[in-house]
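**Student:** Take this structure first; my questions come after.
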Amino acid sequence: MVVFYIVRHGITELNEKGRLQGQIDSPLTNNGYKDAFYLAKKLERNKFDAIFSSDLGRAFITAHIIADKLKLTNKLFKAKQFREIDFGDLTAKYREEVKSEYNKIKDNCDIIAPNGESYSDVKKRVIKNLFLLSKKGYKKVLIVTHSGCIRSIMSEA
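So my numbering is basically just the index in the sequence shown, starting at one, shifted up by 7.
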């Protein structure tokens, strides 16, 4: 049986500005880098068979910092399936500006973001990929992803 450790990327500039990122990228802030190094230190004692990361920069940079610290850069893989929800037309908008639409999407997993996707869509692709990884013979895997993906996984538990 595989054990998954699932973590979120470090904080980004758009996070700090209160904007929805979705599938666009924003650089990690200084605190985001500190978070990644702190997490790497906390995970040092674990023996991961592999690290899978969203292919979006903020997650992959976080994953790379961890992989480097754990001497696992050769076992670090990008996985598009662990991308954040596509907020479509709401992408890069201030949360306050689209609060009503955002809350509807967040509160009802079947509501699709305009020209984007729903949390149900995210859940399907994330859970499917976790299931596929569980069949690969790994014992312990680290997943570096986004809050929407983590929310999707937790809703399955």
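Here a beta-carbon is modelled for each residue, glycine too, at the ideal position from N, C-alpha and C.
Below 8 Å on the Cβ atoms is my guess for PHE84 versus ALA57; work out the distance and round it to an integer in Å.
**Tutor:** With 8 Å as the limit, PHE84 and ALA57 qualify as a contact, their Cβ atoms being about 6 Å apart.
**Student:** The beta strand (DSSP E) with ARG15 in it runs from where to where?
**Tutor:** Run containing ARG15: 10-15, per the beta strand (DSSP E) assignment.
**Student:** Give the C-beta separation of GLN88 and ARG132 to the nearest angstrom, bearing in mind that I take them to be a contact with Cβ-Cβ under 8 Å.
**Tutor:** Indeed they touch by this definition, with Cβ atoms about 5 Å apart.
**Student:** Can you find the residues in the same chain that come closer than 7 Å, C-beta to C-beta, to PHE156, ignoring five residues on each side of it along the sequence?
**Tutor:** As written in the sequence, residue 156 is Cys, which differs from the Phe given in the question. So the qualifying residues of the chain are PHE89, GLU91, VAL129, VAL133.
**Student:** Three Cβ pairs or more, each shorter than 8 Å: is that satisfied between the region 98-114 and the region 140-147?
**Tutor:** Touching, no, given that fewer than three Cβ pairs across the two stretches are closer than 8 Å.
**Student:** Is THR98 helix, strand or coil when you go by DSSP?
**Tutor:** THR98 falls in the coil class under three-state DSSP.
**Student:** Given that a residue counts as buried once 16 or more other Cβ atoms are within 10 Å of its Cβ, and exposed if not, what is SER159?
**Tutor:** Flag for SER159 reads buried.
**Student:** Strictly by DSSP, which residues pair up with ARG26?
**Tutor:** According to DSSP, ARG26 bridges with TYR101.
**Student:** With distances taken Cα to Cα, identify the nearest neighbour of ILE68 among VAL14, ASN136, MET8.
**Tutor:** Of the candidates VAL14, ASN136, MET8, the one whose C-alpha sits nearest the C-alpha of ILE68 is VAL14.
**Student:** Quick one: which unbroken alpha helix (DSSP H) runs of 4-plus residues sit fully inside the region 40-114? Chain order, please.
**Tutor:** 64-76, 106-114, all fully within the region 40-114.
**Student:** Are THR98 and GLY29 close, meaning C-beta to C-beta below 8 Å?
**Tutor:** Closer than 8 Å, so yes.
**Student:** When you compare only the Cα positions, how much space is there between ASP119 and TYR126?
**Tutor:** Looking at the sequence provided, one finds Ile at residue 119 rather than Asp. For ILE119 and TYR126, the distance between alpha carbons rounds to 8 Å.
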